[in-house]
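S.K.:
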Amino acid sequence: EWQERFGQSRKTADGTGNWMALGLEHEFEIEHYLAHQGQKWVNNYDPNSMLWISKAMDGFSMEAPDKDGRMSLVEGLKKAMMPALVIGVQHDVLFPVWQQKEIADSLRAAGNKGVVYYELDSVFGHDSFLLDAVSIGPAVKGH
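Under the numbering used here, the first residue of the sequence shown carries the number 34, and numbering increases by one thereafter.
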């Protein structure tokens with residue numbers, strides 16, 4: 034995802050496309066992007082919120098014990114009988130495609146007949162739901 038979006042491209046200091054030495058400023062586009070995203074986050078959220086979100090993610094599981102006491106995703110999803118659209122996005126490193134397929138398959142194995150799996154190939158990875166409405170829109174609208 035990052036390689037396709039930013040690669041080794043450098044930020045231009047003069048706006049002409051010609052790279053100029055920037056000293057300790059953000060030399061590469063990825064540095065500029067990450068600094069910008071970080072500043073947006075700092076301006077909008079309490080700094081401790083990321084700690085709590087991270088802790089919640091670390092402790093979250095959709096699994097539940099099966100009849101033998103083993104943790105099972107299928108068992109954990111047995112009560113989820115509403116229609117479900119599961120979208121996997123290539124290049125998503127936070128929630129990879131294999132994991133989204135596993136969720137869709139487990140919902141079906143748990144007895145849910147209303148599961149649709151949709152896979153996108155977007156360079157925006159996890160941010161596709163925010164940045165790639167052209168690709169993700171039809172999946173959501175159609176289901």
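Where a beta carbon is used, it is the ideal one built from N, C-alpha and C, also for glycine.
May I have a chain-ordered list of the beta strand (DSSP E) segments no shorter than 3 residues that lie completely inside the stretch 86 to 126?
M.R.: The qualifying runs are 117 to 123.
S.K.: In this structure, what does DSSP give as the bridge partners for D154?
M.R.: Mapped onto the sequence shown, residue 154 falls at position 121. Q123, per the DSSP bridge assignment.
S.K.: Can you check which of these residues, F162, D154, A172, K111, is closest to K146 by C-alpha distance?
M.R.: Residue 146 sits at position 113 when you count from the first residue of the sequence shown. Minimum Cα distance to K146 is reached at K111.
S.K.: Put F162 into one of helix, strand or coil per three-state DSSP.
M.R.: Residue mapping note: residue 162 aligns to position 129 of the sequence shown, counting from 1. F162: helix per DSSP, three-state reduction.
S.K.: Check whether chain B comes within 8 angstroms of F128, counting only Cβ atoms and requiring the distance to be less than that.
M.R.: Among the chains of the structure shown, chain B does not appear; only one protein chain is present.
S.K.: Could you check which residue in D101, I169, M95 has the C-alpha nearest to that of Q123?
M.R.: Taking the sequence shown and counting its residues from 1, one reaches residue 123 at position 90. The candidate whose alpha carbon is nearest that of Q123 is I169.
S.K.: Where DSSP assigns a beta bridge to V149, which residues make up the other side?
M.R.: Taking the sequence shown and counting its residues from 1, the one referred to as residue 149 is at position 116. DSSP output for V149 lists L118 as bridge partner(s).
S.K.: Using three-state DSSP, classify G144 as helix, strand or coil.
M.R.: The residue you call residue 144 lines up with position 111 of the sequence shown. Here G144 sits in coil by DSSP.
S.K.: Quick check: the Cα distance between P129 and K100, rounded to an integer number of angstroms?
M.R.: Within the sequence shown, the letter at position 96 stands for residue 129. Within the sequence shown, the letter at position 67 stands for residue 100. Rounded to the nearest angstrom, the two C-alpha atoms are 29 angstroms apart.
S.K.: Give me the Cα-Cα distance between F162 and D79, rounded to the nearest whole angstrom.
M.R.: Sequence index remark: in the sequence shown, residue 162 carries index 129 (1-based). Sequence index remark: in the sequence shown, residue 79 carries index 46 (1-based). Computed Cα separation, rounded: 23 angstroms.
S.K.: Report back the beta-carbon spacing between L127 and H159 to the nearest angstrom; my notes put them in contact at under 8 angstroms.
M.R.: Counting from 1 along the sequence shown, the entry for residue 127 is found at position 94. Counting from 1 along the sequence shown, the entry for residue 159 is found at position 126. That pair is a contact at about 4 angstroms.
S.K.: Tell me whether G175 sits in a helix, a strand or coil according to DSSP, three-state version.
M.R.: To locate residue 175, count along the sequence shown from 1; it is residue 142. Looking at G175 - three-state DSSP - the assignment turns out to be coil, as it is neither helix nor strand.
S.K.: Let me confirm a value: F93 is counted as buried when at least 16 other C-beta atoms fall within 10 Å, else exposed. Which label applies?
M.R.: Translated into positions along the sequence shown, residue 93 becomes position 60. Exposed: under 16 other Cβ atoms inside 10 Å.
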